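Asker: Please read through the structure below; I'll follow up with questions.
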Amino acid sequence: MAPQAPSKEAVRAGKTAAQEQIPNLAFNLFGKAMEDKCTERDKHQVIVARNASTTSWSDVIEKNKEDTATAEQPIFRPSMDFTMREQDTKAPQVGTGQFLVVGYAKANLDKKYRSQDPGVTKQIVGVFKPNEILPWEDDKHPTSYVVTPILDFSPEQLKLYVLLKPDKGLCTPYSLAKDDVFFRFEYRDTEPNVSKRRTSWRKNISQHSVRVGLQMKPSAKQEAFKRALNVGKVIVDSHEDCGNEMKVLMMAFKKSHDDWLLQEMKRLMRRINVDIAYRPLQSKPALQSFVDNDTVDFTNEWAAGVVQEVSGLWPDVQDMTAERVIILQRLMHEQGAEIKNFQLKGLLAEGMYRLKQQANIENIMDEEGFVKDLVSTLDRTLGKEAQPKPTASNMDEQSQDALLAAVGAKLQSILDYYYSFSAKLNSQFGDHVLEGAGPADFWVKYAEAPDTDSARLAFNHVAKFLVAEFTHVLGEGVVKPVHNIVEILGRLDLSPS
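Taking our numbering, the leading residue of the sequence shown gets 143, the next gets one more, and so forth.
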């Protein structure tokens, strides 16, 4: 049912007073609520769980129902109280990691809880109690914790997992869609638009799940800037600013030419891993809405926008129509499939081709594994994770050494060729031939000469002077810098290990 509309007095009060989220209720993106009995806890709760699995939680539940051999193994936790192993976040063991608890998920819910009520738009979520509140304990719809991993870098897309299959005090996180999550109050805000709410709530979570510095606790500086205007901005401590550190090392090497500084720069380059394939979409609102997998606000206008943006961004993607875009987006959403930015072009190209082969795309269902087969094809051809082009920041140490050694060998061959050519040239056109004579002197001799032999001699002297001058400029402007580079590379240990 739709949430109760606030009274006029409440609206007037809301204009002058800050609207606070209800702490003992958890809300999903569409305004549906459930009880939250975990009120006596710290904010931004961190626990330990096993390494996350990419398997969908709905597949795990269905498989457990069908497989009689594993039906006796518990899928849901017997108690919502955390075990001692889950609370021991100081030293996670191998195969486990730290996770931030962001909310809850209830199994076997009707689809109406994952969509916005008709006629309800621009509704603030979490401030007013709705008429229907799902219970905390329910045998028909068991409650599970929803978490996101603690990372030391800002991910391209926030990933949420539900904790299932408790075993020896720890659960395994399985993937789920954001529409299935009932979020805790500290990660909600008063954004009324559903599409914008997805982004703002994700930023609220990332503010506490991204902890720069090898999964350390937030520093005092980060705590002090939590209430900054841009709450989604990660505050980086000075000792983690690789750019400034590299700049200082380069300036120091320019002064001292110390080999140790080269080794430090080499070590720093190994720490930096810039993955261009995970960059966000550049000012493409329709494609971004498609990637967000939002079926509520993804209308025909958005689909037409996707067709237009793709035609300008990837003109080689064929058979794009708004109807096929909507159907592909709906199928991906219903199956909870993640749309990865680096696979987006391949997804659209392959998806449009396969939908074109369907006789009646309006009635297409996923009974034949359309989405599963499409995703497996993309993972097989493009990879499950983005593989950026080799750069100095993401190559391993052996590859970097091999690259530098090859560059040094090529530059050395250029120097050897120049020295050989210069030695032969100087024997005939060297500076000793031109001693005491310049272009003006040659012209005077030519003007005073009565025969053509003197003119020929003057011309030859001018040609010698030009060749010698060209050789001098080439040596100072090109060969000398190349020689310096070869000398610096020679100081590094580039021998294969």
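We treat Cβ as the ideally placed atom computed from N, Cα and C, and that holds for glycine.
As the structure is a prediction and not an experimental result, all values here were calculated from the model.
Just to confirm, is the Cβ distance from residue 284 to residue 218 under 8 Å?
Answerer: Their beta carbons are under 8 Å apart, which means residue 284 touches residue 218 by this criterion.
Asker: Looking at residue 326: is its Cβ nearer than 8 Å to the Cβ of residue 178?
Answerer: Cβ atoms of residue 326 and residue 178: closer than 8 Å.
Asker: Taking C-beta to C-beta, are residue 447 and residue 428 nearer than 8 Å?
Answerer: Their beta carbons are under 8 Å apart, which means residue 447 touches residue 428 by this criterion.
Asker: Assign residue 652 to buried or exposed, taking buried as 16 or more other Cβ atoms, counted over all protein chains shown, within 10 Å of its Cβ.
Answerer: The first residue shown for the chain is 143 and the last is 639, placing residue 652 beyond what the model contains.
Asker: Does the beta-carbon distance from residue 433 to residue 477 come in below 8 Å?
Answerer: Not in contact: residue 433 and residue 477 (Cβ atoms no closer than 8 Å).
Asker: Would you check if there are 3 or more beta carbon pairs closer than 8 Å linking the segment 479 to 496 to the segment 455 to 469?
Answerer: The segment 479 to 496 is in contact with the segment 455 to 469.
Asker: Which residues bound the beta strand (DSSP E) around residue 249?
Answerer: Where residue 249 is concerned, there is no enclosing beta strand (DSSP E), given that its DSSP letter is neither H nor E.
Asker: Alpha carbon to alpha carbon, how far is residue 190 from residue 315? Give it in angstroms, no decimals.
Answerer: Using only the alpha carbons, I get a separation of about 10 Å.
Asker: Skipping 5 residues on each side, what residues in its chain have a beta carbon closer than 6 Å to that of residue 622?
Answerer: Result list for residue 622: empty, nothing under 6 Å.
Asker: Along the chain, where does the beta strand (DSSP E) that runs through residue 192 open and close?
Answerer: Here the beta strand (DSSP E) through residue 192 covers 188 to 192.
Asker: Would you mind stating whether residue 272 and residue 175 have Cβ atoms separated by less than 8 Å?
Answerer: Yes, these two residues count as a Cβ contact at 8 Å.
Asker: How many Å lie between residue 308 and residue 185 at the Cα?
Answerer: For residue 308 and residue 185, the distance between alpha carbons rounds to 24 Å.
Asker: Using 8 Å as the threshold, is the C-beta distance between residue 394 and residue 403 below it?
Answerer: Contact flag set, yes.
Asker: Can you tell me whether DSSP reads residue 198 as helix, strand or coil?
Answerer: Strand.
Asker: Return helix, strand or coil for residue 395, following the three-state DSSP convention.
Answerer: Three-state DSSP puts residue 395 in a helix.
Asker: Take residue 345 as the anchor and find which of 296, 550, 288, 461 has the nearest alpha-carbon.
Answerer: Closest by alpha carbon: 296.
Asker: If we ignore side chains and look at the alpha-carbon of each, how far apart do residue 331 and residue 544 end up?
Answerer: Each residue's Cα considered, the two are about 52 Å apart.
Asker: For residue 320, which residues in the same chain have their Cβ closer than 7 Å to its Cβ, ignoring the five residues on either side in sequence?
Answerer: Within the same chain, residue 320 has close Cβ partners 171, 302, 340.
Asker: Figure out for me which residue from 255, 221, 461, 431 has the closest Cα to the Cα of residue 311.
Answerer: It is 221.
Asker: Mind checking residue 525: buried by the 16 CB within 10 Å criterion, or exposed?
Answerer: So residue 525 ends up on the exposed side.
Asker: Taking the alpha-carbon positions, what's the residue 618 to residue 410 distance?
Answerer: Each residue's alpha carbon lies about 33 Å from the other.
Asker: State the DSSP-derived secondary structure class of residue 292, mapped to helix, strand or coil.
Answerer: Of the three classes helix, strand and coil, the one that applies to residue 292 here is coil, per DSSP.
Asker: 8 Å is my cut-off, CB to CB: does residue 387 come that close to chain D?
Answerer: In the displayed structure, chain D is absent; only one protein chain is listed.
Asker: If I'm right that residue 647 touches residue 199 with Cβ under 8 Å, what's the distance once you round it to whole angstroms?
Answerer: Since the displayed the chain opens at 143 and closes at 639, residue 647 lies outside it and no answer follows.
Asker: What would DSSP say about residue 390, mapped onto helix, strand or coil?
Answerer: The answer is helix: DSSP assigns residue 390 an H, G or I state.
Asker: Note down the Cα distance separating residue 192 from residue 240, rounded to an integer number of angstroms.
Answerer: Roughly 9 Å separates the two Cα atoms.
Asker: Given a cut-off of 8 Å, decide if residue 488 and residue 550 are closer than it, judged by their beta-carbon atoms.
Answerer: No, Cβ-Cβ distance for residue 550 and residue 488 is not below 8 Å.
Asker: With a cut-off of 8 Å on the beta carbons, I'd call residue 188 and residue 225 a contact; round off their distance for me.
Answerer: 14 Å between Cβ atoms; not a contact.
Asker: Just how far apart, CA to CA, sit residue 385 and residue 407?
Answerer: The alpha-carbon atoms of residue 385 and residue 407 are separated by roughly 11 Å.
Asker: Span of the beta strand (DSSP E) holding residue 316?
Answerer: Element bounds for residue 316: 312 to 317.
Asker: Do residue 269 and residue 161 come within 8 Å of each other at the CB atom, strictly closer than that value?
Answerer: In this structure, residue 269 lies closer than 8 Å to residue 161 by Cβ.
Asker: So for residue 309, helix, strand or coil by DSSP?
Answerer: Here residue 309 sits in strand by DSSP.
Asker: Near residue 518, what residues of its chain come up, given a Cβ to Cβ distance below 8 Å and the 5 sequence neighbours on each side ignored?
Answerer: Contacts found: none.
Asker: Checking 8 Å against the spacing of the C-beta atoms, do residue 256 and residue 294 come in under that value?
Answerer: Going by C-beta atoms, residue 256 is not nearer than 8 Å to residue 294.
Asker: Are the Cβ atoms of residue 194 and residue 324 separated by less than 8 Å?
Answerer: Contact flag unset, no.
Asker: DSSP on residue 266, reduced to helix/strand/coil?
Answerer: If DSSP states are grouped into helix, strand and coil, residue 266 belongs with coil.
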